[in-house]
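A short write-up of the structure that comes next.
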Amino acid sequence: MEKNKLNQFKTQLLKNLSLGYTLARTGHFSTQGRLLPLIDRIATGEKRDPPEQLAAHLQQALKKILVLHKKDSQNIADGFYPIDVLYPENPFKHAFRYPSILLDAYRASKRRKEKISNDFLPESEQFLNELPEYYKRNFHFQTGGYLTDISAELYEHQVEILFSGAADAMRRLLIPQLKVHFQGSDGEGLNFLEVASGTGRFTKFLALAFPKATITCVDLSFNYLAKAKTNLSDFKRINFLQGAAEKLPFQKSSYDAVVSCFMFHELPEHIRNEVVKAGMDVLKAGGLYGLVDSLQKNDDADFEWALKQFPMDFHEPFYKNYVDHPLEALLEDSGLKNVQSEVGFLSKAISGVKS
Numbered sequence: 092m093e094k095n096k097l098n099q100f101k102t103q104l105l106k107n108l109s110l111g112y113t114l115a116r117t118g119h120f121s122t123q124g125r126l127l128p129l130i131d132r133i134a135t136g137e138k139r140d141p142p143e144q145l146a147a148h149l150q151q152a153l154k155k156i157l158v159l160h161k162k163d164s165q166n167i168a169d170g171f172y173p174i175d176v177l178y179p180e181n182p183f184k185h186a187f188r189y190p191s192i193l194l195d196a197y198r199a200s201k202r203r204k205e206k207i208s209n210d211f212l213p214e215s216e217q218f219l220n221e222l223p224e225y226y227k228r229n230f231h232f233q234t235g236g237y238l239t240d241i242s243a244e245l246y247e248h249q250v251e252i253l254f255s256g257a258a259d260a261m262r263r264l265l266i267p268q269l270k271v272h273f274q275g276s277d278g279e280g281l282n283f284l285e286v287a288s289g290t291g292r293f294t295k296f297l298a299l300a301f302p303k304a305t306i307t308c309v310d311l312s313f314n315y316l317a318k319a320k321t322n323l324s325d326f327k328r329i330n331f332l333q334g335a336a337e338k339l340p341f342q343k344s345s346y347d348a349v350v351s352c353f354m355f356h357e358l359p360e361h362i363r364n365e366v367v368k369a370g371m372d373v374l375k376a377g378g379l380y381g382l383v384d385s386l387q388k389n390d391d392a393d394f395e396w397a398l399k400q401f402p403m404d405f406h407e408p409f410y411k412n413y414v415d416h417p418l419e420a421l422l423e424d425s426g427l428k429n430v431q432s433e434v435g436f437l438s439k440a441i442s443g444v445k446s
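The working numbering puts the last residue of the sequence shown at 446; the count rises by one with no breaks.
In structure tokens form, the structure reads like this:
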């Protein structure tokens with residue numbers, strides 16, 4: 092009896108510590124974001140009108156963030172992934188990056204006003220002929236798109252500011268579905284493929300949850316892959332390959348899971364279909380196909396306004412089509428069984444099993 096009480100106390104303590112930290116993190120990134128409207132006004136010379144009912148929207152968003160963080164802390168307490176996922180980066184490195192983020196926000200606002208979305212730096216041009224057309228753009232109006240070292244350095248920090256410190260928790264929504272499918276495995280003998288792996292943020296969480304799994308990361312950006320290699324240098328079971336998610340050079344039925352994080356909303360519809368087909372080809376029978384991505388229409392009525400606002404504020408040319416075509420239907424039409432979906436704040440995790 093005493094042992095059970097002690098275990099319950101430890102579990103509750105772990106939940107409370109995790110929740111407290113993530114809420115503080117949300118406060119921190121939200122504070123960093125408060126300067127961005129001023130930066131935008133300086134860059135454009137205009138004061139942008141806020142969306143209607145902004146105060147009510149923000150209040151609702153904070154409630155949803157709290158629900159997400161509570162779910163995240165419960166997942167840690169339940170052992171789906173270790174508390175190590177919350178380990179912060181070096182605070183000095185974090186602080187010194189912030190001025191560069193403000194400078195890039197200024198430049199992005201300039202591009203937004205002038206409707207410039209194909210503005211590449213000299214270091215990017217060497218890669219352009221090797222990349223598909225849909226990728227040759229300044230997503231989010233950020234400097235260099237995904238094709239510069241500075242973009243790779245700033246990206247994760249920028250995303251956390253955008254989502255008020257909730258981006259990591261949204262990424263982790265998929266991991267419980269993976270852990271349940273693989274029956275709590277530590278990953279021994281499992282091969283995972285992550286497409287559009289970016290700088291390796293979700294990869295890190297995957298590696299912590301499945302420390303004995305072998306993970307292969309594929310991304311179109313040479314710069315982001317280089318950053319991922321640095322970020323994940325402590326993990327010895329991770330491989331890296333530059334390439335497209337719709338053209339995978341692997342043997343059929345060679346992976347136990349194929350996953351992605353925040354990729355599909357940046358793809359044209361026909362490429363989304365090709366990506367799933369390519370993933371299905373390399374996925375083993377009984378394997379899991381899973382993803383985390385933006386909400387779509389009818390996922391959460393409280394955020395329908397955000398789905399309309401997002402492509403207006405950022406260069407996301409495929410987003411309007413994306414929100415109209417449910418990913419659940421795409422996975423089911425591709426032959427996946429037991430498709431499940433879980434919503435968390437502005438994202439959802441979806442997975443299905445290959446029969």
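Beta carbons are placed, not taken as given, at the ideal position from N, Cα and C, and that holds for glycine. Nothing here was measured: the structure is a model prediction, and the numbers come from that model.
- Under the three-state reduction of DSSP output, Gln-144 falls in the coil class, being neither helix nor strand.
- DSSP, reduced to helix, strand and coil, places Ala-440 within a strand of the structure shown.
- With a 10 Å radius around the Cβ and a threshold of 16 neighbouring Cβ atoms, Thr-290 comes out buried.
- In the displayed model, Tyr-112 falls within a helix according to three-state DSSP.
- Counting only the Cα atoms, Tyr-172 lies some 22 Å from Asn-95.
- No residue range can be given for Thr-234, since it is assigned to no alpha helix (DSSP H) and is classified by DSSP as neither H nor E.
- Taken through DSSP and simplified to helix, strand or coil, Tyr-380 comes out as strand.
- The bridge partners DSSP lists for Leu-374 are Tyr-346.
- Distance from the CA of Gly-124 to the CA of Ser-255, rounded to the nearest whole angstrom, comes to 8 Å.
- Contact check for Gly-378 and Lys-445: beta-carbon distance about 5 Å, within the 8 Å limit, so the pair qualifies.
- About 4 Å separates the Cβ atoms of Ala-440 and Leu-264, confirming a contact at the 8 Å cut-off.
- Where Ser-432 is concerned, the enclosing beta strand (DSSP E) starts and stops at 427–435.
- Its chain contains Thr-305, Tyr-346, Asp-347 as the residues whose beta carbon lies nearer than 6 Å to that of Asn-282, once the 5 sequence neighbours on both sides are disregarded; these appear in chain order.
- The distance from the Cβ of Ser-200 to that of Asp-131 is about 4 Å, consistent with a contact at the 8 Å cut-off.
- Lys-270 counts as buried, since no fewer than 16 other beta carbons sit within 10 angstroms of its beta carbon.
- At a Cβ-Cβ threshold of 8 Å, Ser-121 and Tyr-237 do not count as neighbours.
- In this structure, Ser-425 lies near Val-367, with their beta-carbon atoms less than 8 Å apart.
- DSSP, read as helix, strand or coil, puts Leu-284 in strand.
- Thr-290 carries a coil assignment under DSSP once its states are collapsed to helix, strand and coil.
- Apart from the 5 residues on each side of it in sequence, Ser-351 sits with its Cβ closer than 6 Å to the Cβ of Val-286, Ala-287, Leu-382 in its chain, given in chain order.
- Per DSSP, the continuous alpha helix (DSSP H) segment holding Phe-183 begins and ends at 182–205.
- Counting along the chain, Val-271 sits inside the alpha helix (DSSP H) bounded by residues 265–272.
- When DSSP reads this structure, Asn-330 sits in a beta bridge with Thr-307.
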